[in-house]
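Read the structure below first, then the notes.
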Amino acid sequence: MGSNCSSGQTHKDRDSISTRSEESPSYQIAQKDTKKEEKKENSKNNSKTSAQSKATVNSGVVLGVSKVDPAPQPAPQERSCLPSVTDSISAGSPGPKGKEVEPIKPLTSPDSIPSIKEKKIVIYICAADSQDCKVEKSLLHSEVYPTLRDKCRRASFELHIVDLHWSLQDQTAEPGELCLQELSRQSENYVIPVVFLNNHLGTPLLPKTLESADFQMVTSQESQRSDVLLKWYKLDTLAQPACYRLLPPSTHVPGLKVLCLVLVQIFKVLNFTHYTWWDICLQSGDNVVRDKALGEWRKEVDTILSVMLAVFAQELRDIYLTTVVEQEVQNTVLMSRELAKRCVWLCRGGSKGPEGTSVGDLELKRRLEALQKTLKNELIDNHIIHLMPASNPDYSQQPEYLSQVTTNLSKQLQSIVDSIIEDHETKEAQNTMKCGLPMYLLKEISFHNKMGERIAQSSVNRQVLLENMYNSPSSLLVFYGPEGCGKTTLLSRLAYNSTQSETKVYFRLVGRTKKSSTLIQLLQSLLEELSPQRSARIHVNATKQGKILVIIDAIDQAVAWQTTWCNEYSIDLEIKSDLDSQLETILQQLEIIFGKEQVEKIFALICCAKWGVQDSEGQLWNEVSEIKARKMDQPDSYEETYNTRKLEELPYLLIKTEKSALKLTINHEWLLKKLCATDAQQVLDDIYMETKTVDTDWLKTFIEVNYEALCYDGRQLYSLLHTYLKDHTTTSLASTWSKIAENPPIPSLIKAEVTEKDTSGLNQTDSFDILRRLPNSQNFVVSVRTKECEISVWDIAKCRRVRTLKGMPQPTALQMVDDFKCIVLCNRELRSYDLDKGVLLCKLKGVMNQKMPYFGLHDSSHLVALSRNRMYVNLMNLETGDLVTTFKAGEDRFLNSLLVSGDGKTLVCGDETQKPFPLLVWNLASRKLLYDLRIPQHEFLSHLSAITHHGNYVCCVAKEVVENTPNYLVVYDLQSGTLFKKWKPGVDCVSVEISSKEGCLVTGHVDAMILTSDLVTRNCRSRLKGHTSPVDFLRLSPNGSICLSMSSHLKDRSVRLWDLNKGTMLAVYTPEEQVTSCELTDNWVVMSTKGNPNLITLEIRGGDFVSGEIGESKYGTEEGFKLSVLEES
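The numbering used here puts the last residue of the sequence shown at 1973; the count rises by one with no breaks.
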């Protein structure tokens, strides 16, 4: 209907940002006396006390305020007990002392959470003349969009097109405001503006407001035609300063109804959006009456515009007169540099512009040229697509032109989509690192914070009440009252007022998201935010920093929303006292406007959708049966990305239409896909809706028992099933699934039974400190328990000890020489033991450095070890324990690491004396220093390094000395001593491994990402996602094709296996407690968890995984011992 106005260009720009048809910022309602208002409110409340007591009262919110003072003594911190091989420098070196894990602090306020966008891309079409560019727009919809949608689906993104210009030709539905409202609503997503602007600017709009001085100037200079202005503009005395406002078209043209925005508001509340309702609005009434009303309104608009054009100077024309496309460009390209970089402008040459000589035509031509110049200056050159069809006027029949449009649009939009996906992944990693919380929790917190902020902005001033609430001596406050009384608004203000203090705020609105749809999920997200380390003492950990404020609110905004609707669009809706009556009134109005059949159809679509209807679904589907058919025909996944929408909605839809979705619920393949795409709670929701049976009860119990692990990663399904079914096979479903779990359809980690239990017992903090596989046999591992002075050999398949040695003093590191002989660091002394016979072979001479007792194997008879003073390396004889020779790099050079290649021929050490730190490389065969490797202004973090088996390449993490930038990786070719490659991933690296077989470098990073880089092509091979904490432990299988990864942080206890050849995840397992040590063979994963007296052995089984050859399962000789106690202190 019109454009906004203000007293200057700045005001006009601000008006364009507005998402509602409201006054310019310079025109605000006069603030009322707050004290008087509070008195009136109190007296009103007192007079209505009896009436409210009779009304239905609901418990709306629960507000918990904790005032626990900081504890005088800090609680004991968890220790990282996991000895990483890369951190240990060599397999024989002891792991560094467990670092105390820094507890992640809870977020202090809603402002601490960054704004996080959803994985949703919206192509917003800006069109000056919809009919003039209908061919190009049709190609975008039919040819370009499907390809882009498939691309987005593979990256777990939604893609929608918003086109409000198909039928907006009559300019009666406030098209400018509708477009700006939609732009504002989509601002939380990734918007790609696509401008179709040729040689037509579109129809000018009437200004929404006029300053008093400007209005009086127009009426005085055009006194003969001032009646039309006085007819349509009314003085608003409540604005500051006073102004004249444009009345709705239906005020003087009864045949018009401003309904389009009303429908948008309704379906916003119902979580449903659709963009072709203007067509329904136009088709719902009588065509003759409608056409007559439109013609009458058009004449009035032309008259008002002619008056303004005759009187206004160019400056005032720029302020007051505008078009839809100008407003769209203003609010995209000119308001946001980010949107300007994404904007694409398609211009078709050869079309003629306005040829009229009237004042209106000349004004439109001038504005068109200015807009085109603006787009040329602001947009990227290759985003401006200028195409020239043949001279034939019917360009829609020119295949070459149509092909050029499709190709150019596809190329530019695909490039933009790729950059959006890449930027989104980078920002997610940065936000996870910054906040120390997983992304799904950050999104949940961000949504509730933004929702609460919006609600708080619409509240009245109740500062005294807020301060009383905030300083209340009670630790628990309960707010209750009827719907619409203002509970949510008040608590939102409370949450955002407290952000100015040191109070930590945790704010949740019940039922607003998937994660808050049930009480269990809402409380779970709160607990994760309160205690990211998943400590059992959540309340104590959360309040160590001071005061916390937890707000949980059940929101109901129906009455407040409806009041806004009525005041804005003058639609007569009587406000009811209860919600049911109010909804009934709204539905009656909708049926009058659109017809009962249309309303029934739309609400049927909404009611059969669990989480609402997406934009594109509303445009394509008209019947519930059509939705069900389309969903069942859709694939369950797009390559490696699951079709989350189908997996979420189809069971709910089947239950609503067929009364049961049991054919999906008890299908293990469907269950696996749904767990991977969503979480365990949504599976439980499906089960709760089914008719109760023995099978559904069994499945519900299984999901509840394994809830945490299944929520973390659904690919653990068959591993968890195999363990659970050992004691729970009472139903037919369980019997069927037990056979499947024995040979699962995907690679899984199947837990072996413990055949011999340890009766000695461990306390909650004791565990196995070291696990080592044997060099030649993959059926056994060696464990070390330092406090118990014990070394054991375990049969992996049977999960039992076959040898145990006790009595050696404080074993802290172990290196296997062969399957029976090993070197053990006892206190600061190296000793050689025979594990088969259980005897001490010899003690090596000398003592090790206390802080850096590093050593590695040279061959079966010799080892190299860092000397006590760290100035040289000793070569020791394992048979006699004597010193053979020493290696020294120079005078007063202190070594801080030791790394030996798998064949024992190459030695790499770090030197902390020289600045910056260099790497020293020796040839152990010739016993000569080969290279002194340095990078100017950089130092090597030699504790993060790895070397290939034959010593051809060494990788080490390097860091700049001067600038505080993320570290990066350097690889040296040790055949020539030259720099082979630098990799700069942009985030700190915390673990390194090299696979000689696969020819790749594997690195773990603080953003929970694992990167594999090819040593031949020198390119990044794959990015492995799945962890939620820094990946600081990597271990390769003996054949080098599988990588095991884990994190020492308590937030992520899971162990993951990766296929390095395919660049995909192989299997995952989440133990009940923190992992303290772990080992990997070609077929087995062996781990120790805190407080568990036995090892956990997991067989890699199922799917396309091919098990390696299993050798002899007997360890040593027949006369070997079971338990040997060494006679020494």
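We treat Cβ as the ideally placed atom computed from N, Cα and C, and that holds for glycine.
How is residue i classed by DSSP in three states: helix, strand or coil?
{"i": "GLU1634", "result": "strand"}
{"i": "GLY1139", "result": "helix"}
{"i": "ASP1080", "result": "strand"}
{"i": "ASP1557", "result": "coil"}
{"i": "LYS1966", "result": "coil"}
{"i": "MET1853", "result": "coil"}
{"i": "VAL1308", "result": "helix"}
{"i": "THR1573", "result": "coil"}
{"i": "PHE1156", "result": "coil"}
{"i": "LYS1787", "result": "According to the sequence as given, residue 1787 is His; it is not Lys. DSSP places HIS1787 in strand when its eight states are reduced to three."}
{"i": "PHE1059", "result": "helix"}
{"i": "ARG2036", "result": "Since the displayed the chain opens at 845 and closes at 1973, residue 2036 lies outside it and no answer follows."}
{"i": "GLY1700", "result": "strand"}
{"i": "SER1957", "result": "coil"}
{"i": "ASP1858", "result": "strand"}
{"i": "LEU1813", "result": "strand"}
{"i": "THR1332", "result": "helix"}
{"i": "GLU1723", "result": "coil"}
{"i": "GLU944", "result": "Here the model assigns GLU944 a pLDDT of 38, short of 50, so the residue's position is not dependable and the matter cannot be decided."}
{"i": "THR1429", "result": "helix"}
{"i": "VAL1806", "result": "coil"}
{"i": "THR1047", "result": "coil"}
Got a sec, what are the start and stop residues for the beta strand (DSSP E) residue i sits in?
{"i": "ALA1657", "result": "1655-1660"}
{"i": "TRP1827", "result": "1822-1827"}
{"i": "CYS1191", "result": "1188-1192"}
{"i": "GLU1923", "result": "1919-1924"}
{"i": "ARG1867", "result": "1864-1868"}
{"i": "ILE1614", "result": "1614-1617"}
{"i": "TYR1088", "result": "1087-1090"}
{"i": "LYS1500", "result": "It is not in any beta strand (DSSP E) - LYS1500 instead sits in the alpha helix (DSSP H) that spans 1488-1502."}
{"i": "SER1592", "result": "1592-1595"}
{"i": "VAL1349", "result": "1348-1354"}
{"i": "VAL1929", "result": "1928-1933"}
{"i": "ASP1903", "result": "1899-1903"}
Could you tell me the boundaries of the alpha helix (DSSP H) in which residue i lies?
{"i": "VAL1267", "result": "According to the sequence as given, residue 1267 is Asp; it is not Val. Element bounds for ASP1267: 1243-1279."}
{"i": "TRP1514", "result": "1512-1521"}
{"i": "TRP1542", "result": "1538-1549"}
{"i": "HIS1292", "result": "1283-1301"}
{"i": "PHE1447", "result": "1440-1451"}
{"i": "TYR1532", "result": "1524-1533"}
{"i": "ALA795", "result": "Here the chain comprises residues numbered 845 to 1973, so residue 795 is not present and cannot be evaluated."}
{"i": "THR1729", "result": "Not the alpha helix (DSSP H): THR1729 falls in the beta strand (DSSP E), residues 1727-1732."}
{"i": "THR1509", "result": "1506-1509"}
{"i": "GLU1372", "result": "1363-1374"}
Provide the residue(s) that pair with residue i in DSSP beta bridges, ordered along the chain.
{"i": "TYR1164", "result": "None, per the DSSP bridge assignment."}
{"i": "HIS1566", "result": "HIS1566 is not bridged to any residue."}
From this set, the options, which residue's C-alpha is nearest residue i's C-alpha?
{"i": "TYR968", "options": "ASP1539, VAL1035, PRO958 and LYS981", "result": "VAL1035"}
{"i": "GLU1372", "options": "TYR1350, THR1053, GLN1694 and CYS1864", "result": "TYR1350"}
{"i": "GLY1296", "options": "GLY1746, LYS1331 and PRO1282", "result": "LYS1331"}
{"i": "SER1892", "options": "LEU1707, PRO1098 and PHE1877", "result": "PHE1877"}
{"i": "LYS1052", "options": "LEU1091, GLN1084, LYS1906 and SER1031", "result": "LEU1091"}
{"i": "THR1724", "options": "ARG1647, GLN975, TYR1677 and TYR1716", "result": "TYR1677"}
{"i": "CYS1023", "options": "VAL1169, LEU1073, LEU1165 and ALA1083", "result": "VAL1169"}
{"i": "HIS1849", "options": "PRO1093, VAL1831 and THR1856", "result": "VAL1831"}
{"i": "CYS1887", "options": "GLU980, THR1914, ALA1802 and LYS1841", "result": "LYS1841"}
{"i": "CYS1864", "options": "PRO1874, SER1889, TRP1827 and ARG1879", "result": "TRP1827"}
{"i": "SER1704", "options": "LYS1665, ASP1071 and LEU1710", "result": "LYS1665"}
{"i": "PRO1326", "options": "VAL1173, THR1251, ALA1398 and ASN1312", "result": "ALA1398"}
| What beta strand (DSSP E) runs, 3 residues minimum, are completely inside the segment 973-1037? | 1002-1006
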